[in-house]
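Working notes, structure below.
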Amino acid sequence: MTGTLAPAKQLTATDRCDRCGAQAYIRATLPVGGELLFCAHHGRQHVTVLRDRGADIQDESARLSDTPSTARDNER
Ligand SMILES: [Zn+2]
Numbered sequence: 085m086t087g088t089l090a091p092a093k094q095l096t097a098t099d100r101c102d103r104c105g106a107q108a109y110i111r112a113t114l115p116v117g118g119e120l121l122f123c124a125h126h127g128r129q130h131v132t133v134l135r136d137r138g139a140d141i142q143d144e145s146a147r148l149s150d151t152p153s154t155a156r157d158n159e160r
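Each number in this note's numbering comes from the position in the sequence shown (counting from 1) with 84 added on.
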């Protein structure tokens, strides 16, 4: 399963942080299956540990700071 680039679903406003219920911007997909969602704040607290455990981290916290003038440049 490692090394493959699965088509990640973009996080939406309905995705909520598992810790505090705020909008989630970081998704951690666990190697054993399952996934965790974190807001930017809690994501920074847990991402390092999860990554050490082999979780795949999808970090969309950059969207927090996007502005109308540059938002389109980040599309891919
Ligand atoms: Zn949170």
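Where is the CB? At the ideal position from N, CA and C, for every residue including glycine.
Treat the numbers as computed from the prediction; the structure is a model and nothing was measured.
By the C-beta criterion, the stretch 98-115 is judged to be in contact with the stretch 136-147, since at least 3 inter-stretch pairs fall below 8 angstroms. Annotation for E119: R111, A112, T113 place their beta carbon closer than 7 angstroms to its own, counting only its chain and skipping 5 residues before and after.
A straight line joining the alpha-carbon of C101 with that of Q129 spans about 12 angstroms. Under DSSP, Q142 forms a beta bridge with R111. Note on A124: 16 or more other CB atoms within 10 angstroms of its CB, so buried under the neighbour-count rule.
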